[in-house]
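A.B. asks:
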């Protein structure tokens, strides 16, 4: 190529693709770095202030690094047994809700979809309410009664919506959303009825429904991982196929995509992930709606890039929201669902006012 000549189309395309890959790596690296910084910062905050260097030393020592023991046993217990499981659980739940929200938005071709759209939140609330008012006080190891009932309720409600949608007519996506609204309304009505009949338990029910990590523990963390890791990995690995799903169903089928199978696979993965997250944290809104929507506005609609970045930012946002929930009015705690709503609602409105036209292609 002579000096001053324009690059050939193939070379220009390769150059643009290389820049896009580097741009994605920078965004993903920045998002993961932000999530890690939020985790470490959250570990330093609390009634007992522990400085950044000490927190890092305790964490490195816990994974086998040969460091001088310059911290107290109390500080080590606070970090490893109290704060770390809580912060990691918040990060895992935030990442899961953001991933599941992105999957629902892609599968349903609706930028306002969230993990609770087809009944998971209402079903989990009903299951949790039944567990709280129930005389059953037996742990089904490794599940607590509350987690087991919430997990089951979320899955039952989601698949009830899916089965109802299969019996309806018209667009399957539209029918699924309408079925989810119907199931959610029914489950919410039953929850309200149970609360009216069990006034002594109303405060406990509301505290759980509004979400929080005050009961976080390593045992609950290990309970969460076997569900959210496979579900999240399956969603991310379907990024390319989810891009094709943004086309008309007929066009997607012409590209070789089994639309029905992919939709069912993604609904199952997102529903299992959402149910597991809700079972340990309660219902936490806005993460699954705001985060993937924000990433789509800022980074474009390619799900291969959107989903992992959304997971990292979802983890960061929920860690910060939980930090605010446990430190704003110490020693009391604000339900983290209230914090995410206070942060998420105005932020989402600002994005809607400034956004460019949404595109899924």
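In the working numbering, the protein residues as written are 10 to 370.
Where a beta carbon is used, it is the ideal one built from N, C-alpha and C, also for glycine.
(1) Is residue 263 buried or exposed, if buried means 16 or more other CB atoms sit within 10 Å of its CB?
(2) Do residue 112 and residue 244 have their beta-carbon atoms positioned less than 8 Å apart in this structure?
(3) To the nearest angstrom, report how far apart residue 104 and residue 255 are at their CA atoms.
(4) Can you look up residue 217 in the DSSP assignment and give me helix, strand or coil?
(5) Under a CB-based cut-off of 8 Å, is residue 71 close to chain C?
(6) Report the residue ranges of all alpha helix (DSSP H) runs contained in full by the segment 47–89; include only those spanning at least 4 residues, in chain order.
(7) When you compare only the Cα positions, how much space is there between residue 138 and residue 62?
(8) Classify residue 203 as helix, strand or coil using the three-state DSSP reduction.
(9) Indicate whether the contact test is met: 3 or more Cβ pairs, each with one atom in the segment 77–96 and one in the segment 208–219, closer than 8 Å.
(10) Out of 322, 296, 311, which has the shortest C-alpha to C-alpha gap to residue 46?
(11) Buried or exposed: residue 269, going by 16 or more other Cβ atoms within 10 Å of its Cβ?
(12) Could you check which residue in 159, 65, 187, 276 has the C-alpha nearest to that of residue 233?
(13) At a threshold of 7 Å, does residue 257 count as lining the ligand PLP (C-beta to nearest heavy atom)?
(14) Return the residue from the list 226, 185, 313, 76 that minimises the CA-CA distance to residue 90.
(15) Could you tell me whether the segment 194–202 touches the segment 246–261, using the rule of 3 or more Cβ pairs below 8 Å?
(16) If you count every other CB in all the chains shown that lies within 10 Å of the CB of residue 315, and 16 or more means buried, which is it?
(17) Please look up how many angstroms separate the CB atoms of residue 128 and residue 167, rounded, as I've assumed it's under 8 Å.
(18) So does the segment 288–298 actually touch the segment 215–223, counting three or more Cβ pairs closer than 8 Å?
(19) Quick test of your reading: residue 34 and residue 308, contact by CB under 8 Å. State the CB separation rounded to the nearest angstrom.
C.D. replies: On the basis of the data shown:
(1) With fewer than 16 Cβ atoms within 10 Å of its Cβ, residue 263 is classed as exposed.
(2) Closer than 8 Å, so yes.
(3) CA-CA distance, residue 104 to residue 255, rounds to 23 Å.
(4) Helix, per DSSP.
(5) In the structure shown, chain C does not exist; there is a single protein chain.
(6) Unbroken alpha helix (DSSP H) stretches of 4 residues or longer found wholly inside the segment 47–89: 61–71, 82–86, given in chain order.
(7) Straight-line Cα distance between these residues: approximately 43 Å.
(8) Helix.
(9) The segment 77–96 is not in contact with the segment 208–219.
(10) If we check each option's Cα against that of residue 46, 322 comes out closest.
(11) With fewer than 16 other Cβ atoms within 10 Å, it is exposed.
(12) Minimum Cα distance to residue 233 is reached at 159.
(13) Looking at this structure, you won't find the ligand PLP or any other ligand, since it has none at all.
(14) Measuring from the Cα of residue 90, the nearest candidate turns out to be 226.
(15) The way I'd put it, the segment 194–202 doesn't touch the segment 246–261; fewer than three beta-carbon pairs between them come closer than 8 Å.
(16) Looking at its Cβ environment, which holds 16 or more other Cβ atoms inside 10 Å, residue 315 is buried.
(17) With a beta-carbon spacing of about 5 Å, residue 128 and residue 167 fall inside the 8 Å limit used to define contacts.
(18) Result yes; three or more Cβ-Cβ pairs closer than 8 Å.
(19) About 12 Å; that fails the 8 Å criterion.
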